[in-house]
Structure formats: C-alpha cells, structure tokens
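What follows is a set of notes on a single structure, which appears directly below.
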C-alpha cells in the first residue's frame with residue numbers, strides 16, 4: 154500500500170469537502186423542520202393528515218435512497234414542467250431533505266412521547282393552548298432526548314451523500330473515484346475517502362459528547 158498516494162488523494166478531496174457538507178447540512182436543517190411538521194399530525198392524531206404523514210414516513214423509510222434520488226432528479230422534471238430547470242444540486246438536496254425528514258420524524262415522535270404525560274395534563278388544566286404546551290413544555294424537554302438520534306441520522310445523511318456522484322456532483326466520493334480510475338490504485342483511493350468520512354463522523358460524535366456532558370450538571 155502506498156501511503157503517500159493515500160495522503161495525496163486525501164489532499165485532493167479537501168476542496169470537495171465544503172460541497173459535501175453543504176449538500177448534507179442544508180437539506181438536513183430543512184429536514185428537521187419538515188420532520189417536526191410531519192410528526193405533529195401523528196402525535197396529535199389529526200384525522201386525514203395523520204394517515205398521509207404516516208404513509209409519507211413509511212415510503213421514505215421503506216425505499217432505497219438511490220431509488221428516491223433517481224425518481225426525483227430524473228423523473229419529476231419529466232412529469233412537471235415547472236421542475237424542468239431543477240439542477241443536480243437541487244435534486245439531490247430535495248431528496249436528502251425528504252428522506253432525512255422521515256427518519257427524523259420518528260426520532261422526534263419518540264422524544265415527544267418521552268415527555269411526562271402528567272405535565273401535559275397540567276398544562277391543559279391551566280388552559281394552555283396546544284401550541285403553547287408544545288413550545289413551553291414538550292419541545293424543551295424533548296430536545297435532549299432527541300439529540301442522540303438526530304446526530305445518528307445526520308451521520309447517516311453524511312454517509313448517504315456519497316451517492317451524490319451518481320448524478321454528477323463532484324463530492325468527496327467522486328474525487329476518490331476519479332483518482333482510482335486514473336491510477337488504478339483503488340484500495341488507496343477509497344481508503345482516503347473512507348478516512349475523510351470517518352473523520353467527519355468523529356467530529357460529530359465529539360460534539361455530541363460535549364453537548365451531553367453539558368447537560369449532566371443541569372440534570373444533577
């Protein structure tokens with residue numbers, strides 16, 4: 154194994170790192186809000202909307218990400234003229250947002266259900282509205298519960314971004330694939346790619362641990 158080549162490919166992937174993070178983090182932030190919107194009708198058992206949101210979650214959790222990507226990027230522009238101008242970045246980030254929101258919805262739902270029911274009943278007894286209860290009682294207590302799951306979904310999203318090259322986005326994986334194809338040093342090229350993804354995940358895990366350690370004194 155040529156370690157010098159591993160380092161060389163790693164350095165060549167660095168310019169693609171911001172692009173990889175951008176196409177992951179931006180749709181993930183959107184997915185957090187969308188996941189919350191999908192969760193509410195399910196948790197509060199809102200007729201019709203509950204069934205639609207449950208179907209939405211089931212579809213995006215139960216089908217392959219790459220199939221969703223091809224369906225959205227290649228299929229939707231052919232079906233709807235208004236989407237004909239959708240570029241590869243928009244197509245990928247839309248797919249990432251929809252896919253991640255389905256998983257995040259389940260994380261958020263579990264965190265909501267973990268909140269003591271007695272506190273919600275107490276809020277009703279003092280005539281707090283549903284949105285006030287959600288904002289003042291449920292969400293503040295649900296966030297610490299949801300964070301580990303949210304970070305896990307973000308890690309999955311970062312790894313899933315490696316499929317962006319399939320529609321022509323020059324991300325980390327695409328650079329590694331190009332270098333492997335030029336030099337035929339597949340092991341070293343893909344090892345560099347794997348190491349870069351691993352380092353990103355290690356940073357996220359470190360940030361998660363720091364957040365959780367900051368909660369312990371408050372809990373104590």
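In the working numbering, the protein residues as written are 154 to 373.
Built from N, CA and C at the ideal position, the CB exists for glycine as well.
Residue 211 - containing alpha helix (DSSP H), residue span
202-215
Other residues of its chain near residue 252: CB distance less than 7 angstroms, five sequence neighbours each side excluded
213, 218 and 221
What is the DSSP secondary structure of residue 239, reduced to helix, strand or coil?
coil
If we call anything under 8 angstroms between Cβ atoms a contact, is residue 117 one with residue 325?
This structure gives no information on residue 117, because the portion of the chain shown stretches from 154 to 373.
Residue environment, residue 353, which counts as buried when at least 16 other CB atoms sit within 10 Å:
buried
According to DSSP, simplified to helix, strand and coil, what is residue 265?
helix
Give the DSSP-derived three-state secondary structure of residue 198 in the structure shown.
coil
By alpha-carbon positions, which one of 204, 231, 174 and 281 ends up nearest to residue 356?
174
Does DSSP put residue 309 in a helix, a strand or coil?
helix
What three-state label does DSSP hand residue 359 in the structure shown?
helix
So what does DSSP say about residue 324, is it helix, strand or coil?
coil
If we call anything under 8 angstroms between Cβ atoms a contact, is residue 295 one with residue 176?
no
Would you kindly check if the distance between the Cβ of residue 349 and the Cβ of residue 163 is under 8 angstroms?
yes
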